[in-house]
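J.:
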Amino acid sequence: MSTQAGSKSAVPHVLDIRDLCVRFRTKRGIADALDHVSLSIPKSASVGLVGESGCGKSTLMKAAIDVLAENAEVTAGSVYYHDLDLLAAPAETVRQKRWAGISMITQSALNALNPVKKVGDQIVEAIRAHRNMSRKDAWARAEEMLQLVGVDPKRAREYPHQFSGGMRQRAIIAMSLVLSPDLVLADEPTTSLDVIVQDQIFRKIRSLQEELGFSLLLVTHDLGVVIENCDRIAVMYAGQVVEEGPVDQVVNTPFHPYTLGLKNSLPRIDAVSEPIAIPGGPPDPIEMPKGCRFAPRCPFAQDACRQTKPELVSVGAGHRAACIRQAEIPGLRAEAAKIGTWAKVAVKSEEVVE
Amino acid sequence: MRRYIVRRLIHMVITLFAMMTIMFFMFRLLPGDPTMTMISSVMYPKAQEAMRAQFGLDKPLIEQYLIYLKNYSTLNFGYSFHSSREVSELLSGRIVNTLVLILPSMIVAYGLGALLGALLGWYRGGRFETSVVFVATALQAAPVFWLGMLAILLFSINLGWFPPGHLVTPGMFPDQDLRMYVSADFLHHLALPFLVHTAYQICFPLLLMRSSMLATIGEDFVEFARIKGLRERKILFGHAARNSLLPVATTIPMILSWALAGSVVIETVFSWPGLGKLMIEGVQRSDFPVVQAAFFLIAVLTIIGTFTADLLYGLLDPRIVYD
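These protein sequences, in sequence, are chains A and B. Going letter by letter, the first sequence gives residues 142 to 495 in our numbering. Going letter by letter, the second sequence gives residues 124 to 446 in our numbering.
1. Can you list, in chain order, the residues of its chain with a C-beta nearer than 6 Å to that of A:Val325? Leave out the 5 residues immediately preceding and following it.
2. First and last residue of the alpha helix (DSSP H) that includes B:His311?
3. Give me the Cα-Cα distance between A:Val366 and A:Met429, rounded to the nearest whole angstrom.
4. Which partner residues of A:Gln467 appear in the DSSP bridge assignment?
5. Can you list, in chain order, the residues of the stretch 324-351 of chain A whose Cβ is nearer than 8 Å to any Cβ on chain B?
6. Should B:Tyr202 be labelled buried (16 or more other beta-carbon atoms within 10 Å of its own) or exposed?
7. What are the residues of the stretch 345-356 of chain B that lie near chain A, defined by any Cβ-Cβ distance shorter than 9 Å?
8. Compare the C-beta of A:Gln310 against all C-beta atoms of chain B and say whether one is closer than 8 Å.
9. To the nearest angstrom, how far is it from the Cα of A:Pro231 to the Cα of A:Gln467?
10. In chain order, what residues of the same chain have a beta carbon less than 7 Å from the beta carbon of B:Leu235, not counting five sequence neighbours either side?
11. Whole angstroms is fine: what's the gap from A:Tyr221's alpha carbon to A:Thr234's?
12. With A:Ala375 as the anchor, note down where its beta strand (DSSP E) starts and where it stops.
13. For the stretch 398-432 of chain A, which segments carrying the alpha helix (DSSP H) assignment without a break, of at least 4 residues, lie completely within its bounds, in sequence order?
14. What first and last residue would you give for the beta strand (DSSP E) that runs through B:Tyr202?
15. Please go through the same chain and pick out, in chain order, the residues whose beta-carbon is closer than 8 Å to the beta-carbon of A:Glu214, but skip the five residues on each side of it.
16. Which first and last residues belong to the beta strand (DSSP E) in which A:Val454 is found?
17. How big is the Cα-Cα spacing for B:Leu273 and B:Ile340?
18. Considering only residues of the same chain and omitting the five flanking positions on each side of A:Glu452, which have a CB-CB separation below 8 Å?
19. Is the shortest distance between the beta-carbon of B:Pro227 and the beta-carbons of chain A less than 8 Å?
20. Would you list, in sequence order, the uninterrupted alpha helix (DSSP H) runs of no fewer than 4 residues that lie entirely inside the stretch 296-363 of chain A?
21. Which residue wins for smallest C-alpha separation from A:Arg474, given the options A:Lys404, A:Ala484 and A:Leu156?
22. Would you verify that the beta carbon of B:Arg333 is, or is not, closer than 8 Å to some beta carbon of chain A?
23. Pull out every residue of the stretch 363-391 of chain A whose Cβ sits closer than 7 Å to any Cβ of chain B, in chain order.
24. With DSSP collapsed to three states, give me the class of A:His177.
25. Would you mind stating whether B:His312 and B:Ser228 have Cβ atoms separated by less than 8 Å?
26. The stretch 247-268 of chain A: which residues have C-beta closer than 7 Å to a C-beta of chain B, in chain order?
27. For the alpha helix (DSSP H) holding B:Ser211, just list the boundary residues, first then last.
28. Give me the Cα-Cα distance between B:Leu276 and B:Ser367, rounded to the nearest whole angstrom.
29. For B:Pro441 and chain A, any beta-carbon pair shorter than 8 Å?
30. Measure the alpha-carbon distance for B:Ile225 versus B:Trp269 and round it to whole angstroms.
31. Should B:Asp410 be labelled buried (16 or more other beta-carbon atoms within 10 Å of its own) or exposed?
32. Relative to the C-alpha of A:Gly307, which candidate in A:Pro471, A:Asn273 and A:Ala250 has its C-alpha closest?
33. Drop a sphere of 10 angstroms on the beta-carbon of A:Gln288, count the other beta-carbons inside from all chains shown, and report buried for 16 or more, exposed for fewer.
34. State the start and end residues of the unbroken alpha helix (DSSP H) segment that holds A:Thr200.
35. Quick one: Cα of A:Thr216 to Cα of A:Ala172, how far?
36. State the Cα-Cα distance for the pair B:Asp433 and A:His154, rounded to the nearest angstrom.
In structure tokens form, the structure reads like this:
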């Protein structure tokens with residue numbers, strides 16, 4: 142595993158995002174969506190990307206497949222898929238890499254599927270956009286994939302509205318794997334489903350991954366999902382990666398106060414303590430805080446935090462965090478698990494509002 | 124599906140019956156006496172009486188109504204008060220003239236309008252789009268007769284490219300047989316009314332398709348089609364335009380029936396002997412059998428058009444289920 146994202150290492154990366162900066166032009170001004178984000182996805186690995194809504198997870202994912210919105214602007218950085226910089230490559234080259242190389246499981250299968258086309262046809266058109274295959278063969282392949290994800294292949298002739306939510310999600314998974322891509326991006330793949338179907342879907346994704354060996358970037362706001370499904374984790378806050386590393390290290394010994402806070406929000410089976418929420422909300426992307434972006438909500442923030450922008454530094458094997466007090470964090474973990482520690486911030490932030 | 128069609132057929136008959144009833148009484152309640160246009164009551168009151176009896180206008184209104192219903196149920200449209208010719212014969216020639224002008228024009232208007240609208244919506248935000256939208260809005264707001272007169276002034280009188288009216292050069296086809304409709308002379312006469320009508324009718328599908336496209340482009344499945352690596356052409360026509368077509372398709376029957384009923388304007392401007400012109404003549408002469416039959420025909424065409432479009436809509440959008 143590489144210790145420095147962006148540097149070449151022995152492990153080949155399927156996707157290598159380096160120093161990516163993305164801004165959005167909005168009516169209110171320029172929104173800072175991604176700030177020098179680096180993220181690598183090793184071959185056949187699962188990387189979880191967690192963070193609150195609006196922290197830039199989806200923007201990062203769209204950048205990874207080069208379908209950013211029209212008002213988005215990449216001001217720096219690159220997105221390498223193997224040796225190809227997707228942001229600099231000609232449109233047709235990028236088109237050929239989409240789906241055949243990088244596919245995606247979307248948040249809402251209902252919206253991603255065209256309501257007036259048969260599910261089978263929508264899989265077939267994905268195949269035929271990249272492979273020189275007859276309609277009949279492509280249809281057979283689509284049916285085969287539906288079977289693989291546990292959907293009756295006969296239902297390929299039906300329309301999306303005739304599918305249940307879980308089946309639609311399975312159909313999207315079948316579609317995402319139909320060209321055997323080596324990278325699958327999954328954007329909150331189970332948000333719209335109930336927990337039992339959620340579990341089935343993830344189990345299906347895991348077993349297919351073992352069988353087919355693709356890499357997975359799993360975007361979610363649910364730390365528990367990442368713990369269960371991923372090898373590595375990247376924690377995003379306000380457009381920056383604040384901590385990343387192997388899942389067990391990051392979860393057991395977090396070095397960023399935001400990760401500590403996220404960990405507190407996990408419901409625990411032993412029920413010794415209630416989940417603790419991080420008070421306040423993410424900063425306005427149009428007016429980001431000058432120093433550490435988490436400082437206004439951080440119980441351990443000092444004056445220096447509000448002045449200096451922290452850099453990602455190594456805190457363990459393949460484990461990096463962006464906190465200027467990272468050396469003191471091991472001593473603060475016990476305190477971070479107490480509800481009172483966070484309550485103080487809540488009081489403070491309310492005072493600021495007044 | 125079969126039950127739906129049967130139910131719709133019953134509805135169609137009821138609609139037609141209601142429309143026939145309204146039409147019958149409407150014309151008879153209007154001032155004017157059909158015999159007036161032929162015989163002056165001041166000069167020959169007896170002859171006028173005789174003519175009233177011959178037309179059956181002396182019978183009580185309700186009896187006339189029942190005779191009218193009975194005749195229509197056997198598709199007997201009677202004789203024209205004015206020319207004494209069979210109404211069905213009068214109409215059949217005129218309806219062909221109207222259809223030959225209106226139908227191709229509407230097909231081109233909707234086909235081209237939808238295509239242009241789709242492209243405008245897809246390549247949105249240019250100066251080209253702004254100017255096309257401006258021109259289309261202006262054209263749509265302009266009255267057809269005025270557009271027709273301008274076209275005659277420019278293309279017939281000033282440039283001399285097209286004849287200003289009529290089906291063919293007078294005297295060329297005294298029999299008005301089918302060969303006339305495929306002659307170069309006929310097409311030459313058709314060109315100008317066709318262009319004016321198409322230019323006017325193209326605006327609505329064009330503007331509607333454009334706004335429908337703008338709404339569809341923001342949908343997730345369009346972005347997803349791009350993520351799937353489909354070619355831009357395929358995303359445009361296979362997804363964005365395909366789905367944007369749905370609201371445009373629903374307007375076809377409505378606009379088509381308006382165009383048929385409104386053909387009177389373009390036919391008058393271009394002296395085009397179609398159904399619309401026949402109606403005007405009939406109303407002016409209180410020629411009830413002709414007017415009734417003409418309105419009946421338009422009603423039938425409208426109802427059939429609506430029905431076909433409803434079935435078409437079901438084919439276009441699988442979410443619509445008929446039961």
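Idealized CB from N, CA, C, for every residue including glycine. A quick note: this is a predicted structure, and the numbers were derived from the prediction, not measured.
T.: Walking through what the data contain:
1. Excluding positions up to five away in sequence, the list reads Ser244, Ser317, Phe355 and Leu357.
2. Ala307 to Gln324
3. 29 Å
4. In the DSSP secondary-structure assignment, A:Gln467 is not bridged to any residue.
5. Contact annotation: in the stretch 324-351 of chain A, no residue has its CB less than 8 Å from a CB in chain B.
6. buried
7. Val345, Glu346, Phe347, Ala348, Arg349, Ile350, Lys351, Gly352, Leu353, Arg354 and Glu355
8. no
9. 42 Å
10. Ile325
11. 13 Å
12. Arg373 to Tyr378
13. 398-405
14. That residue, B:Tyr202, is in no beta strand (DSSP E); it is neither H nor E in DSSP.
15. Val163, Arg164, Phe165 and Arg166
16. Val454 to Gly457
17. Pairing B:Leu273 with B:Ile340, the inter-Cα distance amounts to about 38 Å.
18. Ala463
19. With 8 Å as the cut-off, B:Pro227 does not count as an interface residue toward chain A.
20. Within the stretch 296-363 of chain A, the complete alpha helix (DSSP H) runs of at least 4 residues are 306-318 and 336-353.
21. Checked all of A:Lys404, A:Ala484 and A:Leu156; the closest Cα to A:Arg474 is A:Lys404.
22. no
23. none
24. strand
25. no
26. Correct list: Thr247, Ser249, Asn252, Ala253, Leu254, Asn255, Pro256, Val257, Glu266 and Ala267.
27. Val210 to Trp245
28. Between the alpha carbons of B:Leu276 and B:Ser367 lies a gap of roughly 38 Å.
29. Closer than 8 Å: yes.
30. 18 Å
31. Result: buried.
32. Among A:Pro471, A:Asn273 and A:Ala250, the Cα nearest to that of A:Gly307 belongs to A:Ala250.
33. exposed
34. Lys198 to Ala205
35. 12 Å
36. Each residue's Cα considered, the two are about 54 Å apart.
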